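In this note's numbering, the protein residues as written are 402 to 585.
Glycine included, every Cβ here is placed at the ideal spot set by N, Cα and C.
All figures in this text were calculated on a predicted structure; none of them were measured in a lab.
Report on the structure given below.
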Amino acid sequence: MTPTRTVRDIRSRPSGGADGLERAREVAATVVDPELPMLTLADLGVLRDVETTGDGTVVVSITPTYSGCPAMATMRDDLVRRLQEEGYDDVRVRVALHPAWTTDWITPEGRAALAEAGISPPGTRSPAGPTPVPLTLGPTRRAVRCVRCGSADVELTSEFGSTACKAMYRCRACLEPFDHVKEI
């Protein structure tokens, strides 16, 4: 039996070469998020691993942005379809729940793409590392700036924007509404 070969860090591993594993990684890294189509799954940090088994099966691991994310089925289907279009007949998608996804995994390119699309990218989480999530009973405080004019004079209009992972804000300076990706 041929040993399993693995790509461990999708975002920083160099691309290129004729190797089937590298090509599978490159293809998987082009699949876009169905709710944030300006981001690839790699830029969103959802694409965690691509490996090939001895029998040629491509196994892709993805992590949901939050429990119950409705986009997971579409992500899976899109990954399978794209890889099969590129000649990989046997493709499996595995959901990896540990460690849990965090907005810190969004790449700098992904954050720039969000802002360019008019969506406020998340800030960094305050504590580094695995720490308990503090329970606060008051309103969520975020450092949010308007993606159109840059003003920090913004107000939360809804804790839920166009998707559950985004909050809706309005800029008091230019009066434009915009989504903000919640820090997780």
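Let's test the definition: count the other Cβ atoms within 10 Å of the Cβ of residue i and tell me whether it reaches 16, buried, or not, exposed.
{"i": "Tyr467", "result": "exposed"}
{"i": "Tyr522", "result": "Checking the sequence shown, residue 522 turns out to be Pro, not Tyr. The residue in question, Pro522, is buried, as its Cβ has 16 or more Cβ neighbours within 10 Å."}
{"i": "His581", "result": "buried"}
{"i": "Thr405", "result": "At Thr405, the pLDDT of 37 sits below 50, so the modelled position is not reliable and the matter cannot be decided from this model."}
{"i": "Thr453", "result": "buried"}
{"i": "Thr504", "result": "buried"}
{"i": "Cys550", "result": "exposed"}
{"i": "Thr464", "result": "buried"}
{"i": "Ala568", "result": "buried"}
{"i": "Ala544", "result": "exposed"}
{"i": "Ala425", "result": "buried"}
{"i": "Phe579", "result": "buried"}
Put residue i into one of helix, strand or coil per three-state DSSP.
{"i": "Glu452", "result": "strand"}
{"i": "Val432", "result": "coil"}
{"i": "Gly469", "result": "coil"}
{"i": "Asp491", "result": "coil"}
{"i": "Val481", "result": "helix"}
{"i": "Thr441", "result": "strand"}
{"i": "Glu486", "result": "helix"}
Please report the Cβ distance between residue i and residue j, rounded to the nearest whole angstrom; I am assuming they are in contact, meaning their Cβ atoms lie under 8 angstroms.
{"i": "Leu448", "j": "Ala429", "result": "6 angstroms"}
{"i": "Ala574", "j": "Cys547", "result": "7 angstroms"}
{"i": "Arg493", "j": "Thr458", "result": "6 angstroms"}
{"i": "Val451", "j": "Arg483", "result": "Not a contact, Cβ separation roughly 12 angstroms."}
Practice problem: Let me know the beta strand (DSSP E) ranges lying completely inside the region 495-577, each 3 residues or longer, listed in chain order. | Solution: 555-559, 567-572
Counting beta carbon pairs with one atom in the region 509-521 and one in the region 433-440, are three or more of them shorter than 8 angstroms?
yes
Three or more C-beta pairs closer than 8 angstroms, one from the region 547-565 and one from the region 495-502: is that the case here? no
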